[in-house]
Each structure stands twice: as structure tokens, then as C-alpha cells.
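Oh and the sequence shown: position 251 is 257 in the working numbering, straight run, nothing missing.
Glycine included, C-beta positions come from ideal geometry on N, C-alpha and C.
Reviewing the structure listed below.
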Amino acid sequence: MFYINSIRILFEYYTIYILNCTHFYMMSLSKHITLKHLLINNQRMIGLQFYPDKVIHALVKELPDPKWSKEFAMVYIIHTKENLNKVFEKFRGVAWINGNSFFNEKVIRDNEPVDVNWYRNRTTSTTYKYAPEAYLLKLELKRYALNTCKLYISLFEKFINQYPDKDIVELSEQEIRGYLQLLVHQKKSNSYINQTINSIKFYYEVVMGMPNRFYSIERPRKEQKLPQVVSKEEILAMIANTNNIKHRCIISLLYSAGLRRSELVALRIQDIDSKRMLIHIKNAKNNKDRYSLLSKTVLKELRVYYKEWKPQEYLFEGFKGAKYSGSSVKEIVVKAAEKSKINRRVTPHMLRHSFATHLLENGTDLRYIQTLLGHSSTKTTEIYTQVAINNFKSIKNPLDL
């Protein structure tokens with residue numbers, strides 16, 4: 007009995023010892039260092055950001071040639087693979103190394119290969135600064151969508167031409183803020199400014215391989231705009247006022263399946279599943295596949311269109327069997343709206359908004375609408391609850407009570 011009690015007491019002491027050791031270890035790891043990418047005197051550096059601590063200070067001094075940056079308010083060492091390994095070795099078991107932003111890498115989207123040679127083959131001018139070859143090459147390797155490539159190159163070149171006498175690498179956060187302030191004074195939209203920031207960050211963070219390089223650049227708040235919707239009667243009028251069967255099918259599909267313009271032009275003949283009455287949308291936004299609805303009315307029109315136009319690969323083809331252009335789709339929608347005497351400009355995306363809103367008004371569950379639209383979150387789809395009128399009809403206006 008005495009032996010059993012001794013074992014029990016010894017076990018309890020051992021348990022307390024383990025808990026204390028674990029607590030001490032967890033306490034030590036509550037100290038953390040955040041790694042940052044810095045560019046000082048045109049040389050890449052590893053920034054070390056941490057709260058004041060005697061132990062960390064002592065260990066930082068043991069790193070290879072540590073220096074203090076007043077501009078960035080942090081210690082830094084030269085960016086080499088060896089120095090990075092030494093940081094992890096030095097603080098192992100002492101502090102947690104936060105490298106989330108340091109090692110961040112954007113996912114490569116599986117878009118079709120993008121050819122930006124038409125940017126390379128532009129007629130050049132000695133008074134204009136062009137996006138460097140490395141910028142174009144990275145866009146191609148990342149397989150960014152063509153529209154994104156056009157936007158990034160255009161916005162980035164506008165930025166670097168604001169400072170014609172400075173090398174791109176020498177531009178600092180101060181110059182970026184100055185340029186963004188100029189855009190604000192020019193009354194550019196929040197979306198335009200955010201896209202400009204993305205194009206600039208793409209160069210420093212992706213092309214130069216310095217994730218989160220300008221981590222303190224402020225972004226304008228996102229504008230909370232409600233989607234613009236076209237009534238069903240107006241959409242039917244647009245279809246009726248389109249004599250060309252091809253154009254009629256384009257407008258009908260945009261609305262009846264809630265397609266984005268890029269998704270419509272990417273449709274292939276085999277993506278129309280007439281047996282299951284579904285449309286297979288492949289490699290859409292965020293690299294996702296999904297199915298949407300195939301209207302019986304549209305299917306009849308598509309069969310007439312197919313016999314007449316005989317497309318070979320894409321459902322809608324342009325010159326010499328190439329993919330139909332998005333600008334042509336936009337022009338078709340705009341002209342149809344004008345013929346229908348709709349007193350506002352109608353875009354292809356408004357037909358997608360209308361598809362979602364009309365489904366919601368007819369009582370379709372929001373989760374189904376989310377799936378049909380290809381939204382990652384219901385929060386994105388919930389915006390349509392603010393424009394669906396069926397809920398408002400049940401509310402009596404206080405003036406009419």
C-alpha cells in the first residue's frame with residue numbers, strides 16, 4: 007500500500023513538472039518575430055520586427071551584421087539564404103518566426119496561356135517608360151487573365167511615368183503615396199486606385215520576389231454599390247429587338263444562365279448539355295468549374311443558330327474560328343438596349359445581376375443562386391436581397407396607411 011501511494015505521489019509530481027515545462031516552453035514561444043522584405047540602397051534585406059525583449063535583443067546581435075533602419079523602424083540583415091537559415095536556427099525554441107507575408111506566394115491561375123507580345127512590339131518612344139520585360143514575363147508565367155494583364159501594364163506604366171527621372175527600384179513608399187494622392191485629387195474611383203496599388207505591388211512583390219514589400223500602403227475603402235438590374239420585360243424586349251440569331255443567343259444565354267462575359271466567350275460546343283439541361287462553365291473566376299441552367303427556349307434558338315453558323319470549337323466564334331471577343335458581346339448588349347428604348351446603359355454584367363435578382367424574387371433559395379453564380383461565399387450573393395422587390399411589396403408605405 008505504501009509502495010502504491012509512493013508511486014501515485016511520484017506520478018503527480020512528474021505531471022506537475024511536465025505541465026510547468028510545457029507552460030515555460032509555451033511562454034517562451036509567445037515571443038515572436040515577424041519577417042519583412044526591405045529594400046535598402048537597392049539591396050534586398052530581411053527585416054526583423056519584434057516587441058522589445060532582452061533575450062531577443064541579445065540573440066539579434068549575434069546575427070550577421072545586424073543594422074537598424076530609421077525609415078522602417080526595425081532591425082535588418084542582408085537577404086541571403088544562409089542568413090535566413092541563421093534566423094530560424096538562432097530563435098528555435100526561443101521565439102516563433104512569423105513568415106506568413108515573407109513567404110506568401112499567389113496561386114497560379116490555370117487560365118489559357120496569355121500572349122503579351124503585342125505590348126513588346128509596340129512602337130517605342132524615348133520619352134516614355136515601359137513596363138520592364140520581367141513584368142511582362144511574370145504575367146505570362148502566372149497565366150493571369152488577358153484583361154488583368156492589360157490593366158496591370160497600363161496602370162503600372164502610368165505610375166512609373168509619373169517619376170521619369172527615377173529608376174523603378176529606387177521608388178519608395180513616399181513616391182507611391184504621392185502618386186495615389188494625385189489620383190485622389192483627380193477624383194479617380196476607389197476601384198481604380200485599388201487596381202493601381204495591385205499593379206504596383208505586383209512588380210515589387212511578385213516580379214522582384216518580395217511579398218508584402220509595401221505592407222503599410224493604405225487602401226481606400228471598398229465602395230458598397232448595389233447591383234444594377236434590368237426588368238424581365240426589358241430583357242425580353244432586348245431579345246425581341248435583336249434580329250441576328252447569333253446575337254439573340256448571346257443575350258439570352260447571358261441572362262438565362264447568369265454568365266459573365268468571359269465565361270460566355272469561353273463556352274465550347276460540348277459545354278451545352280441538352281440531356282441534363284445544364285451548361286458546364288469551366289475554369290471560371292477563381293479557377294472554378296460549375297454548372298448553370300440551360301433554358302428550353304434558349305436551347306431551341308441554339309439549335310437554329312448551330313445549323314446556320316456551324317461553329318467548330320467555341321460556341322460563339324469570331325474571325326477564322328477564333329474565340330469571340332468580349333468587346334463584341336458588350337456592343338451587342340448595348341445596341342439591343344438602345345433599340346429597346348431602355349433609358350440607361352445596359353452592360354452584359356447587368357444581365358447576370360438580373361438573373362440572380364429574378365431568381366430570388368421567384369423564391370429560389372439563396373444557396374442555389376450562390377452555386378449557379380459561382381460565388382465562394384453567400385455574403386457575395388446576399389447583395390441581391392437588397393434589390394429584390396418581392397420583399398418590399400409586402401411592406402406598406404407609412405404615407406399610405
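Look up residue i in the DSSP assignment and say whether it is helix, strand or coil.
i	result
Y82	strand
D171	coil
D121	coil
S75	strand
D406	helix
V190	helix
K112	Residue confidence is low: K112 scores 45 on pLDDT, short of 50, so the model does not pin down where it sits. Its coordinate-derived value is still stated next. The answer is coil: DSSP assigns K112 none of H, G, I, E or B.
Y210	helix
I278	strand
Y198	helix
E323	strand
K341	helix
K67	coil
K336	helix
F30	Unreliable placement is indicated for F30, whose pLDDT of 40 sits below 50; the coordinate value is still reported in the next sentence. In this structure, F30 counts as helix in the three-state DSSP scheme.
K329	strand
M216	coil
T133	coil
H140	Rather than His, the amino acid found at residue 140 in this sequence is Ala. Looking at A140 - three-state DSSP - the assignment turns out to be helix.
E239	helix
E224	coil
V61	helix
I395	coil
N204	helix
N249	coil
Q234	coil
L177	coil
G264	coil
T21	Residue confidence is low: T21 scores 47 on pLDDT, short of 50, so the model does not pin down where it sits. Its coordinate-derived value is still stated next. In the structure shown, T21 sits in a helix (DSSP, three-state: H, G or I).
R128	coil
Hey, quick one: how far does the alpha helix (DSSP H) through residue i stretch, first residue to last?
i	result
H359	P354 to E367
R309	K302 to W315
I103	Not the alpha helix (DSSP H): I103 falls in the beta strand (DSSP E), residues W102 to N104.
N349	Where N349 is concerned, there is no enclosing alpha helix (DSSP H), given that its DSSP letter is neither H nor E.
I401	Note, I401: premise wrong, no alpha helix (DSSP H); not H, not E.
A151	No alpha helix (DSSP H) contains A151, which DSSP labels as neither H nor E.
L379	L372 to L379
N91	K87 to F97
V271	R267 to A272
T386	T384 to T387
In the DSSP assignment, the beta strand (DSSP E) including residue i goes from what residue to what residue?
i	result
K42	H38 to I46
L284	L284 to I287
G53	Q49 to Q55
L299	R296 to L299
Assuming residue i contacts residue j (C-beta within less than 8 Å), just tell me the rounded distance between them.
i	j	result
E181	Y198	Wrong, their Cβ atoms sit about 18 Å apart, outside the cutoff.
Y125	I159	6 Å
E146	V122	6 Å
L232	Q392	6 Å
I251	E314	6 Å
V213	Y141	5 Å
T363	V235	5 Å
A290	G380	5 Å
N292	S205	20 Å between Cβ atoms; not a contact.
Is the closest heavy atom of the ligand FMN to the C-beta of residue i under 7 Å?
i	result
G324	Ligands are entirely absent from the displayed structure, and the ligand FMN is therefore not among its contents.
Within the chosen definition, does the region 251-267 reach the region 288-302 through at least 3 CB pairs nearer than 8 Å? Segment contact: the region 251-267 against the region 288-302, three or more CB-CB distances shorter than 8 Å; contact assigned.
Touch check for the region 317-328 and the region 274-286: three-plus C-beta pairs under 8 Å? Segments in contact, yes.
With contact counted as at least three CB pairs below 8 Å, one residue from each stretch, are the region 283-298 and the region 340-359 in contact? The region 283-298 vs the region 340-359: no contact.
Do the region 191-205 and the region 122-136 meet, that is, are 3 or more Cβ pairs less than 8 Å apart? The answer is no - the region 122-136 does not touch the region 191-205, with fewer than three Cβ pairs under 8 Å.
Counting beta carbon pairs with one atom in the region 43-58 and one in the region 80-88, are three or more of them shorter than 8 Å? Contact annotation: the region 80-88 touches the region 43-58, with at least three C-beta pairs closer than 8 Å.
Count Cβ pairs between the region 83-92 and the region 61-71 that sit closer than 8 Å; are there 3 or more? Flag = yes, the region 83-92 and the region 61-71 touch.
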